[in-house]
Structures are given as structure tokens and as C-alpha cells.
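Here is the structure we will look at.
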Amino acid sequence: MSKRTINSAIWIAEDDPDDRLMLKEAFEEFNYTKPLVFFEDGEKLLKALKRSASNGNQISFYWI
């Protein structure tokens, strides 16, 4: 039986640089070690999601 490696990251759409910094610092404060990927707007994030999904990657989506 083969094991699959889960390479997870949180992708965040946020246009304000100060808010991106605040979010990054909040995750660091809770010792979150997975990658955070920031996009300047939702359209860029959706394009990246479509590319990722077309490559066969599994995506879990949470709207907060």
C-alpha cells in the first residue's frame, strides 16, 4: 500500500499589505508551520485554484 504525501497550504486573497502582514503574524503566533500563499485579489486566487485542480490536486475550500 502506498502512502500519499499531503502538501497543504493556506491560500488567502487579501488586497491590503497591512492585513496580509497581520494574518501572517497571527499564524506565526500560533506556531502554524505550513505555507501561507497570499494573492492580491480573489480573481488571482481563483485562477491559481483552477490551475491546481487541473493538475489533479485535491482542494478543500473554506470561506471565512
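As numbered in my numbering, residues 3 to 66 make up the sequence shown, in order. Built from N, CA and C at the ideal position, the CB exists for glycine as well.
Residue from the options with nearest C-alpha to residue i
i, options, result
"S10", "D18, A28, A50 and K36", "K36"
"D21", "Y34, A55, I12 and F40", "F40"
Where residue i sits in the DSSP three-state scheme
i, result
"I14", "strand"
The alpha helix (DSSP H) enclosing residue i, as first and last residue numbers
i, result
"F29", "P19 to E31"
"G44", "G44 to S56"
Own chain residues within Cβ distance below 7 Å of residue i, not counting five before or after
i, result
"D43", "A15 and D17"
Same chain, Cβ closer than 6 Å to residue i, neighbours up to 5 away in sequence not counted
i, result
"I12", "L38"
Exercise. Assess, as a yes-or-no matter, whether the region 46-54 is touched by the region 17-30 under the definition of 3 or more beta carbon pairs within less than 8 Å.
Key: no
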